[in-house]
Amino acid sequence: MDIYGKEAASIDVGLRLRLLREERDISMRALARASGLSANALSMIERGMTSPSIGTLFKLASALGVPITAFFRTQPEKQKVVYCKAAERSRIPFLRGLWEGMGGELFDGRMEPFALTLENGGSSGPNGMMHSGYEFVLCLRGVLEYEVDSTRYSLEPGDSLMFTAQLNHRWRNPGNTVASAVIVISGFGEDERPAEFHISSVQK
């Protein structure tokens, strides 16, 4: 059970690491050098003998040249109707926050919704992001600050924001309480996963 009172989905991160490494024809020793981890530590992760921290996954993702969500990604059959129970969401914790998929990875269409829960100070990191498509944000609680193309917008519960996602943007919780929001990205390329930009850029 995580700090938000929700069970995290069970995913074999070690197996995903091995597949990502082999797909790129990278030896364990080479990945160890690139990530700053020991070959023994990598071996233990791949064999499921230890669970990597989020910080370790960020190091591995950077060394492999993939977003951190690649470790949690599955290849499900796309569906025209997706019914996603709250307990079945894919969840990725990060520094002072939680990212939750809301079924977009299963949907046979160009729309990907996800939820953000941010503690005080939680943010997408110092650098902005840009991706294809359009982005819609609905603040559910707390205060969520979005910066789009150098303009800052302060969203309170019920406030929304919509913009072209090719504009540089980032988000943070400037308040003293937990903030949460639902974000929907649409109109992106058929083989793209734009929501991954939001989790791959967060602070480690």
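Throughout the sequence shown, residue numbering follows our numbering, covering 5 to 208 in sequence.
Note that beta-carbon positions come from the ideal geometry of N, C-alpha and C, so glycine has one too.
Just so it is clear, the structure is predicted and the values come from calculations on it, not from any experiment.
Reduced DSSP category for residue i - H, G, I as helix; E, B as strand; rest coil
| i | result |
| --- | --- |
| THR168 | strand |
| GLY101 | strand |
| ILE30 | coil |
| GLU109 | helix |
| LEU24 | helix |
| PHE192 | coil |
| LYS208 | Any reading at LYS208 is ruled out, since the residue's pLDDT is 46, under 50, leaving its predicted position unreliable. |
| MET133 | strand |
| ALA12 | With a pLDDT of only 41 at ALA12, under the threshold of 50, the placement of this residue in the model should not be trusted, and no figure is reported. |
| SER209 | Since the first residue of the chain shown is 5 and the last is 208, residue 209 is not available in this structure. |
| PHE118 | strand |
| VAL186 | strand |
| ARG95 | strand |
| PHE140 | strand |
| SER128 | coil |
Distance between beta carbons of residue j and residue i, contact taken as under 8 Å
| i | j | result |
| --- | --- | --- |
| GLY126 | ASN177 | 5 Å |
| GLY105 | GLU123 | Contact doesn't hold; Cβ gap of about 20 Å is too wide. |
| LEU160 | ARG174 | For the sequence presented, residue 160 should be read as Glu rather than Leu. Their Cβ separation, rounded to whole angstroms, is 18 Å, which puts GLU160 and ARG174 out of contact at 8 Å. |
| ALA45 | MET32 | Actually they do not touch by this definition, with Cβ atoms about 10 Å apart. |
| GLY108 | PRO97 | At roughly 19 Å, the Cβ-Cβ gap does not stay under 8 Å, so GLY108 and PRO97 are not in contact. |
| GLY18 | ILE49 | 5 Å |
| VAL186 | ALA119 | 5 Å |
| ALA74 | LEU24 | 6 Å |
| VAL86 | PHE62 | In fact, because the Cβ distance is near 29 Å, the residues do not count as touching under 8 Å. |
| SER164 | PHE140 | 7 Å |
Element boundaries [beta strand (DSSP E), containing residue i]
| i | result |
| --- | --- |
| MET53 | No beta strand (DSSP E) contains MET53, which DSSP labels as neither H nor E. |
According to DSSP, residues forming a beta bridge with residue i
| i | result |
| --- | --- |
| TYR157 | TYR150 |
| CYS88 | The partner list for CYS88 (beta bridge, DSSP) is empty, contrary to what the question assumes. |
| HIS173 | MET133 and VAL152 |
| SER145 | Note on identity: in this sequence residue 145 is Arg, with Ser being the wrong assignment. DSSP, once it has assigned bridges, lists SER184 as partnering ARG145. |
Beta carbon proximity, residue i to chain D, threshold 8 Å
| i | result |
| --- | --- |
| LYS89 | Going by chain labels, chain D is absent from the structure shown, which holds only one protein chain. |
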